[in-house]
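A.B. asks:
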Amino acid sequence: MRSHLLNDTTAERYRRTVTEGVERVAAKLATTDRPFTGVGVDALAPAIEQIDLDKPLHDTAAVLDELEDVYLRDAIYFHHPRYLAHLNCPVVIPAVLGEAVLSAVNSSLDTWDQSAGGTLIERKLIDWTNERVGFGPAADGVFTSGGSQSNLQALLLAREEVKPGPGGWQGPADHARLRIFASEVSHFSVKKSAKLLGLGQDAVISVPVDADKRMQTMALARELERCKAEGLVPMAVVATAGTTDFGSIDPLPEIAELCAQYGAWMHVDAAYGCGLLVSRRRRALLDGIERADSVTVDYHKSFFQPVSSSAILVRDGATLRHATYHAEYLNPRRMVTERIPNQVDKSLQTTRRFDALKLWMTLRTMGADGIGELFDEVCDLAQEGWRLLAADPRYDVVVEPRLSTLVYRYIPEAVTDPAEIDRANLYARKALFASGDAVVAGTKVGGRHYLKFTLLNPETTVADITAVLDLIAGHAEQYLGESLDRVAS
């Protein structure tokens, strides 16, 4: 069994085995003609259930053959131009190379004596991103597993940094007085974080949005004033730079002014919109982000990185002390005075992958402008898609995109019942997924069911969008025709 350990004596076996796996995946990518096979749970589950994990196959080729049947054949492939559903991007090759390197070396980024250069590479990338945001030399941050964890850590810091308000601040006993403000279309992780932090979901005040799905600053000002008048404490305002459903960007400069006026921590959830940091044409959309106290970025969304690759950034690195705990076996206090850099001092995680390497490899190969050009391409495509939808009488499109998301609804000419239209759109999405021809997402707007394109693939074309819209209309019309037949019979 020692022959399976990766070391100096098995280096050649490692090369052969990984090459065999890479060749299988490369062949799959080269021959995949649709994003999904359409397999259902009931069809796929038995194949996995019947595998006896206590009876190994002992042969890598046999394992790969089995993997073809239970995973590779039916995986959902984000690289396909008609995968248009969620915030899943196709990945760039330098990042995949980085993934291979980091998995084999297996550094853990919690302490210096487990990572050495990996620690410094991660810190360099944090500094680079902070410069792009516009933060000063006191800024810091750390890589995380994703936007939800980044938002959680940001709100933890915000809770711990609350300043005494009217009547004084009594610490944890007064947590019930804390309030977080976020737009009604902000990410669900804001409410989830409030719950995990012991504040409860009721602590999150939902602020209305305008027609462009941006937080209404006048409404935010009213809520902040009401909070103050009721003796509550405005702990944080979460501004979103790229909402999940609409790609909308809240008015960051105005929100920054209100945060300064009311003493609230300003957090910008730029998990989606962080691609603008490397855009040469759209960077101005993030003006005001430099005034935030913390920022979430997801490189695995708009930097074309494999999952996971995210970070929490803070304007004042000293605030990260709220996540610091010392253990004698790991990061004793003496290491601080010895100037030994331990990333665990900043992170909610202990053992942590060297996910920063993927971004490092990407920047050193493609450069920031190369990433930005890819993100600009999908934003341009969204504009073309919006014009297409706006001119198509079959569809109602909600808002002109700022990033690369389109939310729309099929509207049949002969049907006016909103509930029946809901059912037609739901059916169309489900039927399209089952066909495997394309994958689109869904959401609700005003209580009604809508469909969604999240365009993160520069290989997607206007022709792809047109074809998918025709497929959706066909499925919806089939449902409505069958529905009318059922009524008539």
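No gaps in the numbering here: position 218 of the sequence shown is 218 in this note's numbering, and each next residue is one more. Where a beta carbon is used, it is the ideal one built from N, C-alpha and C, also for glycine.
#1: Going along the chain, which residues of its own chain have a beta-carbon closer than 6 Å to the beta-carbon of Tyr-262, five neighbours each way excluded?
#2: Classify Lys-213 as helix, strand or coil using the three-state DSSP reduction.
#3: Check for me: the alpha helix (DSSP H) holding Lys-494 runs from which residue to which?
#4: For Leu-53, name the three-state secondary structure that DSSP assigns.
#5: Mind checking whether Asp-396 and Arg-387 have CB atoms under 8 Å apart?
#6: Cα-Cα, which of Cys-227, Thr-243 and Asp-140 is closest to Val-190?
#7: Helix, strand or coil, according to DSSP, for Ile-411 in the structure here?
#8: Whose C-beta lies closer than 6 Å to the C-beta of Ser-489 among residues of the same chain, with five residues either side of it excluded?
#9: Please return the same chain residues whose Cβ sits closer than 7 Å to the Cβ of His-86, not counting the five positions on each side in sequence.
#10: For Arg-222 and Ile-205, I'd like the C-alpha separation in whole angstroms.
#11: In chain order, what residues of the same chain have a beta carbon less than 6 Å from the beta carbon of Glu-400, not counting five sequence neighbours either side?
#12: Across the region 281-301 and the region 133-141, are there enough close Cβ pairs to call them in contact, namely three or more that are closer than 8 Å?
#13: Starting from Asp-376 and walking both ways along the alpha helix (DSSP H), at which residues does that stretch end?
#14: Provide the residue span of the alpha helix (DSSP H) that contains Met-335, from first to last.
#15: Please state whether the Cβ-Cβ distance between Ser-294 and Leu-313 is less than 8 Å.
#16: In or out: Glu-197 buried (at least 16 other Cβ within 10 Å) or exposed?
#17: Judging by CA-CA distance, which residue of Val-105, Cys-89 and Glu-66 is the nearest neighbour of Asp-8?
#18: Would you mind sorting Ala-30 into buried or exposed? The rule is 16 or more other CB atoms within 10 Å of its CB.
#19: Apart from the five residues just before and just after Val-92, which ones in its own chain have a Cβ nearer than 6 Å to its Cβ?
#20: Whose CA, out of His-80, Leu-125 and Glu-477, lies closest to the CA of Gly-367?
#21: I need the DSSP call for Ile-340, collapsed to helix, strand or coil.
#22: Taking the alpha carbon of Gln-478 as the reference point, which residue from Arg-429, Trp-360 and Ala-463 has its own alpha carbon closest?
#23: In chain order, what residues of the same chain have a beta carbon less than 6 Å from the beta carbon of Gln-153, not counting five sequence neighbours either side?
#24: Can you say whether Thr-129 is buried or exposed, counting buried as having 16 or more other CB atoms within 10 angstroms of its CB?
#25: Roughly how many angstroms lie between the CA atoms of Ala-26 and Leu-97, to the nearest whole one?
#26: Which same chain residues, not among the five before or five after Ile-76, have their C-beta less than 8 Å away from its C-beta?
#27: Let's test the definition: count the other Cβ atoms within 10 Å of the Cβ of Val-495 and tell me whether it reaches 16, buried, or not, exposed.
#28: Would Val-487 be called buried (16 or more neighbouring beta carbons within 10 Å of its own) or exposed?
#29: Just to confirm before moving on: does the CB-CB distance between Asp-269 and Ala-229 stay below 8 Å?
#30: Could you spell out where the alpha helix (DSSP H) holding Gly-21 opens and where it closes?
#31: Determine the burial state of Met-215: buried for a count of at least 16 other Cβ atoms within 10 Å of its Cβ, exposed for fewer.
#32: Taking all protein chains shown into account, do 16 or more other C-beta atoms lie within 10 angstroms of the C-beta of Val-185, making it buried, or fewer, making it exposed?
#33: In whole angstroms, give me the CA-to-CA distance for Leu-39 and Thr-32.
#34: Is it buried or exposed, Pro-251, if we count other Cβ atoms within 10 angstroms and call 16 or more buried?
#35: Can you tell which of Leu-456, Ala-473 and Ile-472 has its C-alpha closest to the C-alpha of Phe-78?
#36: If the criterion is Cβ atoms closer than 8 Å, does the pair Leu-155 and Ser-193 meet it?
C.D. replies: Straight from the coordinates:
#1: Leu-224 and Pro-234
#2: coil
#3: Outside the displayed range of the chain (1 to 489) lies residue 494, so it cannot be described from this structure.
#4: coil
#5: no
#6: Thr-243
#7: coil
#8: Residue placement at Ser-489 is poorly supported in this model, since its pLDDT is 48, which falls under 50; the coordinates are not used for a value here.
#9: Ala-441 and Thr-454
#10: 11 Å
#11: Trp-386
#12: yes
#13: 368-390
#14: 334-337
#15: yes
#16: Checking the displayed sequence, the identity of residue 197 turns out to be Leu instead of Glu. With 16 or more other Cβ atoms within 10 Å, it is buried.
#17: Val-105
#18: exposed
#19: Phe-304 and Thr-362
#20: Leu-125
#21: coil
#22: Arg-429
#23: Ile-312 and Leu-348
#24: buried
#25: 13 Å
#26: Pro-35, Phe-36, Tyr-83 and Val-439
#27: Any question about residue 495 goes unanswered here, given that the chain covers just 1 to 489.
#28: Residue confidence for Val-487 is low, a pLDDT of 48 falling below 50, so the modelled location carries little weight; the figure read from the coordinates is stated next. By the neighbour-count rule (16 or more Cβ atoms within 10 Å), Val-487 is not buried but exposed.
#29: no
#30: 11-31
#31: buried
#32: buried
#33: Checking the displayed sequence, the identity of residue 39 turns out to be Val instead of Leu. For Val-39 and Thr-32, the distance between alpha carbons rounds to 15 Å.
#34: buried
#35: Leu-456
#36: yes
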